[in-house]
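Chains as they are written, first to last, in my numbering: chain Y, 146 to 527; chain L, 34 to 226. Glycine included, C-beta positions come from ideal geometry on N, C-alpha and C. Worksheet: one structure, shown below.
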Amino acid sequence: MRAMVYRGPYKVRVEDKDVPAVEHPNDAIVRVTLAAICGSDLHLYHGLMPDTRIGHTFGHEFIGVVEQVGSSVEDLQVGDRVMVPFNISCGSCWFCARGLYSNCHNVNPNATAVGGIYGYSHTTGGYDGGQAQYVRVPFADVGPVRIPDWMHDEDAVLLTDAAATGYFGAQLGDIVEGDTVVVLGAGPVGLIAAQSSWLMGAGRVIVVDHLQERLAKARSMAYAETLDYDEYDDIVVELKKQTDFLGADVVIDAVGAEADGNLLQHVAGAKLKLQGGSPVALNWAIDGVRKGGTVSVVGAYGPIPNAVKFGDALNKGLTLRMNQTPVKRQWPRMFEHVRNGHLTPREMVTHRFPLEHVAEAYHVFSAKLDGCIKPLILPDAA
Amino acid sequence: MTDPDIPSAYVRDKRTPPPTREELRARIPGWGADLDPADRPSHPKLQYPADTGAHWDFPERQPERQPRERSVEHAFVTPVFGTAQPLRGLSGVVRRFAYERFSEGRLAHWVLLVAGDRIDAWGSHLRSFATLRPDVPATGVRGELAHGGLRSRRGRSDARHHLIDPVVVAGPWVAGAAVTYTGVRRVVRALRR
Ligand SMILES: NC(=O)c1ccc[n+]([C@@H]2O[C@H](COP(=O)([O-])OP(=O)(O)OC[C@H]3O[C@@H](n4cnc5c(N)ncnc54)[C@H](O)[C@@H]3O)[C@@H](O)[C@H]2O)c1
Ligand SMILES: [Zn+2]
Ligand SMILES: [Zn+2]
């Protein structure tokens, strides 16, 4: 089969690989029909995630058709069209039993601090991912869901992570009616977080980024006010002015380890890898939220310590909430919202690349060229 | 009444009340559909799902065909694990040491894993030079032409950081090439003498 392969920081290509095999009785093998590149993949692509091995196939956002099932699989059948949450989870450990599907203890021998994720380095379990023609899907009775007939494939693939994470980010903000919500980052995660904040009763939603196409998208698809942080000497002061010097009730960090906006932090974190990513956005969140407010962190950070302003978080009495998204827990409600048009994930898709052009796709998405917001990968297209 | 010029933060209530429900519903599709915090999918944080799909108390164990590295914070190798890219070579030795010797709580664990990554990458680059598909410092740069590299960056503050990329990415390659060149020249000179 053809598969995207990591060759080192800033280097990916397509190679021939063996089609994955059933290795556990509850495995399924899925033929991928549509995949996507996530902002999280950029952390791997830039070499920020420890134990990312040469030859690894990335990809944790994918949908496809069940090609083969292991002997203990009861629910799925060959030929089913499925969407697969990015979390690998057993459904039975202490954590899964309490709904923490993103924190499963039975699927990642390499670390206890993070669960299992498809195509996301050995630090999350060493599973090859879905930017390929086939992928091994463990615990086929727990994760995958048959795609509803009415659902568009491009919505389905985005629901496997980016959209679910945006919605989850808004939930972690514990928004109450009338709250002023600031979303840092107008990528796919931030855009859906902005849409979702309204569903949860926000009175005002402000999205911060510096890429014009993305800010325009935040206005058109999420009815948000927008701030271009490049236009301000100090965006935190602007956030205070915007909120009558209170600060926002809720700030959602939808940026994570690639954060820009402060040259020193960016270079130390994202470029030279001296810390587990650049915490610029997280620090803006801590400074920009009001005392007693909530910071929701869905932007991803590496396991190496970061220069985070923890003292300010303490002194302000903040609530910090965060996690990898337990995707499947979000789905039933999100399906309704997508069906009603309250959430519109596929509006964010700007580019569709054949798998053979995956290197170009990574470069364009990473450097944010050509107004790219969300690139999809088509494994079958030649 | 206090002076209306004094901002909200210094008085009891927000000076500008949020728009009414009617205004928001008229402007934003679905506004307030998830208004009740107790009726949101991830509330409460710990919540027993009715049925996760699991039909086992503890999953059957996937066969371990070769010794699988694991965090020392785990009681054992988890019943299911990835089998992609098993440890090998010098990078494998370094990575295995990181796993066996240091918990996830120790910086050394992660620093060694990062060192393993760089050894793995450089070993692979060197091996690739002997194949028909040698590695290059960065892939996909064709996208610069096809997808408007210059046009897309106009006026963007991160463009100056993009200037750093070639230095960080290609720097080691240039240095490597220079060292190789001087080395080869020395050997050639030595042989000529
Ligand atoms: N928690 C989870 O389960 C989960 C799931 C998916 C993605 N993520 C993470 O969410 C983050 C966003 O993902 P994405 O796909 O939207 O990525 P993306 O790269 O497309 O978007 C990030 C955006 O942040 C902007 N940005 C950079 N620095 C900023 C700053 N200081 N302030 C405001 N904006 C800034 C960038 O211009 C970009 O538009 C990533 O860190 C990703 O790893 C987490
Ligand atoms: Zn992701
Ligand atoms: Zn579990």
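Within chain Y, partners of residue i - CB distance below 8 angstroms
| i | result |
| --- | --- |
| L:Ala208 | In chain order: nothing, as chain Y lies at least about 15 angstroms away. |
| L:Leu79 | Arg243, Gly244 and Leu245 |
| L:Pro70 | Asp319, Ile320, Val321 and Met345 |
Neighbouring residues, chain L, relative to residue i (Cβ below 7 angstroms)
| i | result |
| --- | --- |
| Y:Gly270 | Phe114 and Gly115 |
| Y:Glu512 | It is Ala, not Glu, that sits at residue 512 of chain Y in the sequence shown. Neighbours of Y:Ala512 on chain L, chain order: His195. |
| Y:Lys416 | Ile197 and Val201 |
Helix, strand or coil at residue i [DSSP, three-state]
| i | result |
| --- | --- |
| Y:Thr489 | coil |
| Y:Ile380 | helix |
| Y:Arg147 | strand |
| L:Arg149 | Checking the sequence shown, residue 149 of chain L turns out to be Gly, not Arg. In this structure, L:Gly149 counts as helix in the three-state DSSP scheme. |
| Y:Lys461 | coil |
| Y:Gly516 | coil |
| L:Thr49 | coil |
| L:Arg139 | coil |
| L:Ser124 | helix |
| Y:Asn428 | helix |
| L:Arg160 | helix |
| Y:Glu370 | strand |
| L:Asp198 | helix |
| Y:Ala527 | Residue confidence for Y:Ala527 is low, a pLDDT of 42 falling below 50, so the modelled location carries little weight; the figure read from the coordinates is stated next. It is coil, neither helix nor strand. |
| Y:Asn171 | coil |
| Y:Gly200 | coil |
| Y:Ile337 | helix |
| Y:Asp354 | strand |
| Y:Asp163 | coil |
| Y:Asp375 | helix |
| Y:Asp286 | coil |
| Y:Asp398 | strand |
| Y:Val302 | helix |
| Y:Thr310 | helix |
Sheet register partners of residue i (DSSP bridge)
| i | result |
| --- | --- |
| Y:Ala227 | Note that residue 227 of chain Y is Val in the sequence shown here, rather than Ala. For Y:Val227, which the question treats as bridged, DSSP gives the partners Y:Gly209 and Y:Arg291. |
| Y:Met467 | Y:Val442 |
| Y:Leu521 | Y:Ala181 and Y:Arg497 |
| Y:Arg158 | Y:Val150 |
| Y:Thr325 | Y:Arg349 |
| Y:Glu403 | Y:Ser423 |
| Y:His176 | For the sequence presented, residue 176 of chain Y should be read as Arg rather than His. DSSP, once it has assigned bridges, lists Y:Val210 and Y:Tyr279 as partnering Y:Arg176. |
| Y:Gly215 | None; Y:Gly215 has no bridge partner. |
| Y:Ala393 | Y:Val434 |
| Y:Gly261 | Y:Ile233 |
Beta-carbon neighbours of residue i, restricted to chain Y and to distances below 7 angstroms
| i | result |
| --- | --- |
| L:Pro6 | Residue 6 of chain L lies beyond the range of chain L shown here (34 to 226); nothing can be said about it. |
| L:Asp38 | Per Cβ cutoff of 7 angstroms: no residues; L:Asp38 is ~11 angstroms from chain Y at best. |
| L:Gln95 | Glu168 and His169 |
Nearest-angstrom beta carbon gap, residue j and residue i [assumed within contact, 8 angstroms]
| i | j | result |
| --- | --- | --- |
| Y:Val352 | Y:Ala367 | 7 angstroms |
| Y:Val400 | Y:Leu329 | 5 angstroms |
| Y:Pro195 | L:Asp38 | Not a contact, Cβ separation roughly 53 angstroms. |
| Y:Gly153 | Y:Ile182 | Going by Cβ atoms, the distance from Y:Gly153 to Y:Ile182 rounds to 17 angstroms, so no, they are not a contact pair. |
| L:Arg147 | Y:Lys418 | The question names Arg, but residue 147 of chain L is Val in the sequence shown. Going by Cβ atoms, the distance from L:Val147 to Y:Lys418 rounds to 7 angstroms, so yes, they are a contact pair. |
| L:Pro112 | L:Gln95 | 6 angstroms |
| Y:Asp172 | Y:Pro283 | 5 angstroms |
| Y:Phe231 | Y:Met149 | Incorrect: roughly 16 angstroms between the Cβ atoms, too far for contact. |
Interface residues of chain Y facing residue i [CB-CB closer than 9 angstroms]
| i | result |
| --- | --- |
| L:Val217 | The contacting residues do not exist; L:Val217 stays about 24 angstroms from chain Y at best. |
Interface residues of chain L facing residue i [CB-CB closer than 8 angstroms]
| i | result |
| --- | --- |
| Y:Cys235 | Ala87, Pro92, Pro112 and Val113 |
Q) Does the pairing of the region 68-75 of chain L with the region 268-279 of chain Y give three or more beta-carbon distances under 8 angstroms? A) Short answer: they don't touch.
(Q) With a threshold of 8 angstroms, are at least 3 pairs of Cβ atoms found where one atom belongs to the region 452-471 of chain Y and the other to the region 283-292 of chain Y? (A) no
Q) When the Cβ atoms of the region 396-414 of chain Y are set against those of the region 427-435 of chain Y, are three or more pairs found closer than 8 angstroms? A) yes
Q. Touching or not, the region 204-218 of chain Y and the region 305-315 of chain Y, by the rule of three or more beta carbon pairs under 8 angstroms?
A. yes
Q: Answer yes if the region 330-340 of chain Y comes into contact with the region 310-322 of chain Y, meaning at least three C-beta pairs across the two stretches below 8 angstroms, and no otherwise.
A: yes
Q) Are three or more beta carbon pairs between the region 221-228 of chain Y and the region 54-73 of chain L nearer than 8 angstroms? A) no
(Q) With three or more beta-carbon pairs closer than 8 angstroms as the criterion, would you say the region 129-137 of chain L touches the region 97-109 of chain L? (A) Taking a contact to require three or more Cβ pairs closer than 8 angstroms, the region 129-137 of chain L and the region 97-109 of chain L qualify as touching.
Q: State whether the region 318-328 of chain Y contacts the region 346-362 of chain Y, with contact taken as three or more CB pairs (one from each stretch) at a distance under 8 angstroms.
A: yes
Q) Okay, do the region 79-87 of chain L and the region 239-246 of chain Y touch, 3+ Cβ pairs below 8 angstroms being the bar? A) yes
Q.
Under 8 angstroms: do the region 506-517 of chain Y and the region 177-184 of chain L share three or more Cβ pairs, one atom per stretch?
A. yes
Q: Could you tell me whether the region 383-400 of chain Y touches the region 40-52 of chain L, where touching means 3 or more Cβ pairs closer than 8 angstroms?
A: yes
Q: Report yes or no: do the region 294-302 of chain Y and the region 488-504 of chain Y share at least 3 C-beta pairs separated by less than 8 angstroms?
A: By the Cβ rule, the region 294-302 of chain Y counts as touching the region 488-504 of chain Y, because three or more pairs are nearer than 8 angstroms.
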